[in-house]
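**Student:** Handing you a structure now.
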């Protein structure tokens with residue numbers, strides 16, 4: 002009668018301890034990079050520099066700078082759109098860098114179980 006599992010002695014191939022150590026090392030690297038990312042800032046300008054926004058790695062808006070020319074009481078909607086576009090662009094830059102860094106750490110492991118939530 003054949004043993005269940007199909008592996009001699011019931012052991013899995015490879016060294017499970019090495020796999021666990023790699024996972025722990027990867028987790029530590031991810032934690033370090035996350036802390037590092039929280040200290041960084043990203044900046045985006047739109048409207049030819051009319052609106053500039055800075056955001057942090059903690060996903061907080063740090064500053065919003067407006068040129069005097071863009072402040073038109075008769076066109077508040079344009080200013081709102083410019084601010085929104087600048088904030089979104091700054092966040093896009095942050096997420097792009099974060100995804101690239103985490104991808105380097107995980108080595109493309111996103112195919113296992115849906116990936117990581119960042």
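Numbering (my numbering), first residue to last: 2 to 119. Note that beta-carbon positions come from the ideal geometry of N, C-alpha and C, so glycine has one too.
Can you give me the Cβ contacts of residue 65 inside the same chain, cut-off strictly under 6 angstroms, excluding the 5 residues immediately before and after it?
**Tutor:** Within the chain shown, residue 65 is the residue found at index 64, counting from 1. The answer, listed in chain order, is 54.
**Student:** With a CB to CB cut of under 6 angstroms and the five nearest residues on each side skipped, what residues in its chain are close to residue 41?
**Tutor:** What you label residue 41 is simply residue 40 of the chain shown in a count that begins at 1. Correct list, in chain order: 58.
**Student:** Tell me where the alpha helix (DSSP H) around residue 124 begins and ends.
**Tutor:** What is shown of the chain runs 2 to 119, which leaves residue 124 out entirely.
**Student:** Hey, how far is the Cα of residue 115 from the Cα of residue 86?
**Tutor:** Mapped onto the chain shown, residue 115 falls at position 114. Mapped onto the chain shown, residue 86 falls at position 85. With a pLDDT of only 44 at residue 115, under 50, the local geometry of the prediction cannot be trusted, and no value is derived from it.
**Student:** At 3 residues or longer, what runs of the beta strand (DSSP E) sit wholly inside the stretch 23 to 80?
**Tutor:** Counting whole runs of 3 or more residues, the stretch 23 to 80 contains the beta strand (DSSP E) stretches 42 to 47, 52 to 57 and 62 to 67.
**Student:** Contact check, residue 77 vs residue 52 under 8 angstroms by CB: the rounded distance?
**Tutor:** Locating residue 77 in the chain shown gives position 76, counting from the first residue. Locating residue 52 in the chain shown gives position 51, counting from the first residue. Going by Cβ atoms, the distance from residue 77 to residue 52 rounds to 13 angstroms, so no, they are not a contact pair.
**Student:** Please classify residue 72 as buried or exposed, where buried requires at least 16 other C-beta atoms within 10 Å of its C-beta.
**Tutor:** If you number the chain shown from 1, residue 72 lands on position 71. By the 10 Å Cβ count, residue 72 comes out exposed.
**Student:** According to DSSP, is residue 19 helix, strand or coil?
**Tutor:** Within the chain shown, the letter at position 18 stands for residue 19. Residue 19: helix per DSSP, three-state reduction.
**Student:** Could you compute how far the alpha carbon of residue 103 sits from the alpha carbon of residue 47?
**Tutor:** Within the chain shown, the letter at position 102 stands for residue 103. Within the chain shown, the letter at position 46 stands for residue 47. When rounded, the separation of the alpha-carbon atoms in residue 103 and residue 47 is 28 angstroms.
**Student:** Tell me which same chain residues have a C-beta within less than 6 angstroms of the C-beta of residue 88, skipping the five on either side of it?
**Tutor:** Position 87 of the chain shown holds residue 88. Excluding positions up to five away in sequence, the list reads 54.
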